[in-house]
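Visitor: Attaching a single structure in structure tokens format; questions to follow.
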Amino acid sequence: MADREAYINGVRMGVGYPFVLESIELPTSDFRVQDVENPVGDGLIFGRDRLTPGSITLNILVLGEDSAEVNENYRDLARAWNRAVDRTKPGAITSMWWEDGGRRRLVYGRPRALVPILEDSRFGLIKATASFKLGDALTYDNTEARRSVTILGVPPISGGLSAPLIAPLTASGTAARMGLIEDTGGDAPTPFTVEFNGPISNPFVKGPGWTIKLNTSLAWDEKVTVDTRLGTITSNLGRNMKPYLAPGSRLRDVRLATGRTEIQFGGNDPSKTAYVRVLWYPAFYI
Numbered sequence: 434m435a436d437r438e439a440y441i442n443g444v445r446m447g448v449g450y451p452f453v454l455e456s457i458e459l460p461t462s463d464f465r466v467q468d469v470e471n472p473v474g475d476g477l478i479f480g481r482d483r484l485t486p487g488s489i490t491l492n493i494l495v496l497g498e499d500s501a502e503v504n505e506n507y508r509d510l511a512r513a514w515n516r517a518v519d520r521t522k523p524g525a526i527t528s529m530w531w532e533d534g535g536r537r538r539l540v541y542g543r544p545r546a547l548v549p550i551l552e553d554s555r556f557g558l559i560k561a562t563a564s565f566k567l568g569d570a571l572t573y574d575n576t577e578a579r580r581s582v583t584i585l586g587v588p589p590i591s592g593g594l595s596a597p598l599i600a601p602l603t604a605s606g607t608a609a610r611m612g613l614i615e616d617t618g619g620d621a622p623t624p625f626t627v628e629f630n631g632p633i634s635n636p637f638v639k640g641p642g643w644t645i646k647l648n649t650s651l652a653w654d655e656k657v658t659v660d661t662r663l664g665t666i667t668s669n670l671g672r673n674m675k676p677y678l679a680p681g682s683r684l685r686d687v688r689l690a691t692g693r694t695e696i697q698f699g700g701n702d703p704s705k706t707a708y709v710r711v712l713w714y715p716a717f718y719i
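Our numbering puts the last residue of the sequence shown at 719; the count rises by one with no breaks.
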């Protein structure tokens with residue numbers, strides 16, 4: 434295994450490739466704070482802190498047999514770097530991973546400046562500096578497939594009948610099943626994806642301190658995907674799901690805690706065939 438590699442948009446950088454990853458410069462994150470001065474005494478009253486992620490810098494050696502080849506290789510790198518994401522689309526991001534010392538880390542964001550130094554191009558060498566702006570202040574372990582837990586079926590509802598009894602009689606309430614995550618991995622609260630699979634009405638997933646609930650019914654062939662990292666919610670049937678997200682389901686603040694955690698899946702599913710999947714990559718602070 435090569436000691437240091439990186440990959441983005443079809444281009445692999447490492448020993449044995451036209452692009453050698455000379456070094457990686459990891460960023461620090463800036464803090465956006467809500468601190469205020471104590472109006473009646475010394476010191477500060479600390480508020481909520483938010484992280485503004487920085488940029489990763491890749492120092493790349495572009496190699497070739499001669500000036501013509503190394504310039505062509507650099508153009509290949511530039512094309513891949515600049516086409517990795519549609520910059521005209523708000524919210525569009527791409528992924529990049531690097532591996533150093535046998536540990537792989539995945540990040541999300543946008544490629545930014547790519548600066549070549551042509552001083553040694555006549556000898557088949559171009560040094561380039563590439564800046565990748567992070568979308569969040571975390572890295573993810575994607576050495577293996579995403580971790581997941583699946584909760585199958587929802588038991589019959591337990592709410593019973595409500596008085597006064599007026600035909601047609603309809604049972605109300607919800608039921609739930611529990612799922613256990615033995616270890617989320619990583620050392621940071623982890624963004625995750627939820628896949629609700631119908632048929633079910635008013636499905637929800639709960640964890641410690643958070644709830645994701647949909648105030649709607651899903652058909653037997655419908656899958657709704659909620660991505661807490663991106664803050665998005667989509668249906669495979671093309672429905673606009675945002676109006677059905679229950680108040681209090683603040684996706685950007687919903688995270689899996691580190692270590693062992695329990696989650697709960699519920700809703701109204703007379704067929705007992707609905708299920709939910711929760712998927713994630715272990716997350717780490719940079």
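The beta carbon of each residue, even a glycine, is placed where N, CA and C say it ideally should be. Everything numeric in this text was worked out from a predicted model, so none of it was measured.
Report buried or exposed for valine 444, applying the criterion of at least 16 other Cβ atoms within 10 angstroms of its Cβ.
Guide: Per the 10 Å Cβ criterion, buried.
Visitor: Is glycine 449 closer than 7 Å to valine 503 when the C-beta atoms are compared?
Guide: No, the Cβ-Cβ distance between valine 503 and glycine 449 is not below 7 Å.
Visitor: Output the boundary residues of the alpha helix (DSSP H) element that contains leucine 510.
Guide: 500-515 is the extent of the alpha helix (DSSP H) around leucine 510.
Visitor: Using the Cβ count rule (16 or more neighbours within 10 Å means buried), how would you classify alanine 439?
Guide: Burial call: buried.
Visitor: Taking the straight line between their C-alpha atoms, what separation do you get for arginine 536 and isoleucine 550?
Guide: Each residue's Cα considered, the two are about 29 Å apart.
Visitor: According to DSSP, serine 554 sits in a beta bridge with which residue or residues?
Guide: The partner list for serine 554 (beta bridge, DSSP) is empty, contrary to what the question assumes.
Visitor: Is the beta carbon of serine 462 less than 7 Å from the beta carbon of alanine 563?
Guide: No, the pair does not count as a contact, with Cβ atoms beyond the cut-off.
Visitor: Just tell me which of Val495, Asp574, Glu458, Lys656 has its CA closest to the CA of arginine 555.
Guide: For arginine 555, the nearest C-alpha among the options comes from Val495.
Visitor: Evaluate contact between the stretch 623-630 and the stretch 696-712, counting only Cβ atoms and requiring at least three cross-stretch pairs below 8 Å.
Guide: At 8 Å Cβ cutoff, the stretches touch.
Visitor: Shortest alpha-carbon distance to glycine 699 belongs to which of Pro622, Gly586, Val518?
Guide: The shortest Cα separation from glycine 699 among Pro622, Gly586, Val518 belongs to Gly586.
Visitor: Just curious, the beta strand (DSSP E) that glutamine 697 is in, first and last residue?
Guide: Unbroken beta strand (DSSP E) run through glutamine 697: 694-701.
Visitor: Could you tell me the distance, in whole angstroms, from the CA atom of aspartate 499 to the CA atom of proline 451?
Guide: Roughly 12 Å between the two C-alpha positions.
Visitor: Could you check which residue in Lys675, Met611, Ser682, Phe637 has the C-alpha nearest to that of isoleucine 696?
Guide: The shortest C-alpha separation from isoleucine 696 is found at Met611.
Visitor: Measuring alpha carbon to alpha carbon, tell me which of Gly474, Leu477, Ile493, Leu484 ends up nearest valine 453.
Guide: Out of Gly474, Leu477, Ile493, Leu484, Ile493 has the C-alpha closest to the C-alpha of valine 453.
Visitor: Mark proline 486 as exposed unless 16 or more other C-beta atoms lie within 10 angstroms of its C-beta, in which case mark it buried.
Guide: By the neighbour-count rule (16 or more Cβ atoms within 10 Å), proline 486 is buried.
Visitor: Using CA coordinates, which residue listed in Trp653, Leu663, Asp553 is at the minimum distance from asparagine 669?
Guide: Answer by Cα proximity: Trp653.
Visitor: Under three-state DSSP, which class holds tyrosine 677?
Guide: Residue state, collapsed to three classes: helix.
Visitor: Glycine 681: which of Gly618, Ile489, Asn648, Tyr541 sits nearest, CA to CA?
Guide: Comparing Cα positions, the closest option is Asn648.
Visitor: Looking at the structure shown, is leucine 712 part of a helix, part of a strand, or coil, going by DSSP?
Guide: Three-state result, leucine 712: strand.
Visitor: Would asparagine 630 be called buried (16 or more neighbouring beta carbons within 10 Å of its own) or exposed?
Guide: When all chains shown are included, asparagine 630 counts as buried.
Visitor: Would you check if the distance between the CB atom of methionine 529 and the CB atom of isoleucine 457 is smaller than 7 Å?
Guide: No.
Visitor: Secondary structure at methionine 446, three-state DSSP: helix, strand or coil?
Guide: Residue state, collapsed to three classes: strand.
Visitor: With contact counted as at least three CB pairs below 8 Å, one residue from each stretch, are the stretch 539-550 and the stretch 684-692 in contact?
Guide: No contact exists between the stretch 539-550 and the stretch 684-692.
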